[in-house]
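Student:
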Amino acid sequence: MRYAGLSDEPERRKREHGNPSDFRVIQQFTSEASARRWESRMLAKGYEEDTIGKGWKYGYTFSIRSKKKSRRRLGDKFRVR
Numbered sequence: 207m208r209y210a211g212l213s214d215e216p217e218r219r220k221r222e223h224g225n226p227s228d229f230r231v232i233q234q235f236t237s238e239a240s241a242r243r244w245e246s247r248m249l250a251k252g253y254e255e256d257t258i259g260k261g262w263k264y265g266y267t268f269s270i271r272s273k274k275k276s277r278r279r280l281g282d283k284f285r286v287r
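Basically the numbering used here = 1-based index in the sequence shown + 206.
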C-alpha cells in the first residue's frame with residue numbers, strides 16, 4: 207500500500223513506520239490550505255491517507271508492502287521474476 211500524509215515532524219513519522227526505505231518528504235508548505243490541496247491530489251492518485259501525523263508543514267509518502275510474496279506457479283516449480 208502507498209501512503210501520503212502531512213506532518214510537522216516527518217522524521218518522527220518515518221521512525222514510527224519502521225524507517226521505510228522509500229519514505230520521502232515531497233514538499234514543504236507555507237499554508238495549511240496548500241498542504242490540504244496537495245494531500246487531496248495524492249489521494250486522487252491512489253495513495254491511502256496516513257492519518258496519524260500531526261500538523262501540515264511537510265507532505266510525505268511511503269509504502270508498506272504486504273508480507274505475502276507473489277509467485278507464479280508453473281507445474282510443481284515456482285518461477286520468480
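Positions of the beta carbon are idealized from the N, C-alpha and C atoms, including for glycine.
Kindly indicate which three-state DSSP category serine 213 falls into: helix, strand or coil?
Tutor: Position 7 of the sequence shown, counted from the first residue, corresponds to residue 213. Strand, per DSSP.
Student: If I measure Cβ to Cβ from glycine 261 and keep anything under 8 Å in the same chain, skipping five residues before and after, which residues do I get?
Tutor: On the sequence shown, residue 261 is found 55 positions in, with the first residue counted as 1. Around glycine 261: Leu212, Ser213, Asp214, Glu215.
Student: In the DSSP assignment, what residue or residues form a beta bridge with phenylalanine 267?
Tutor: Your numbering for residue 267 matches position 61 in the sequence shown. With the sequence shown as reference, residue 267 is identified as threonine, and phenylalanine is not the correct amino acid for it. DSSP lists Ala210, Arg230 as partners of threonine 267.
Student: On the premise that alanine 241 lies in contact with glycine 265, defined as a C-beta separation below 8 Å, what is that separation, rounded to the nearest angstrom?
Tutor: Translated into the one-based positions of the sequence shown, residue 265 becomes position 59. Translated into the one-based positions of the sequence shown, residue 241 becomes position 35. Glycine 265 to alanine 241, Cβ: 6 Å. Contact.
Student: Using the Cα positions of leucine 249 and alanine 239, report the straight-line distance between them to the nearest angstrom.
Tutor: For the purposes of this step, residue 249 is identified with residue 43 of the sequence shown, where counting begins at 1. For the purposes of this step, residue 239 is identified with residue 33 of the sequence shown, where counting begins at 1. Each residue's Cα considered, the two are about 15 Å apart.
Student: Given that a residue counts as buried once 16 or more other Cβ atoms are within 10 Å of its Cβ, and exposed if not, what is glutamate 245?
Tutor: For this step, residue 245 is matched to residue 39 along the sequence shown. Classification of glutamate 245: buried, given that the 10 Å Cβ count is 16 or more.
Student: Can you check whether the CB of threonine 257 is closer than 7 Å to the CB of isoleucine 232?
Tutor: Along the sequence shown, one-based indexing puts residue 232 at 26. Along the sequence shown, one-based indexing puts residue 257 at 51. Cβ atoms of isoleucine 232 and threonine 257: not closer than 7 Å.
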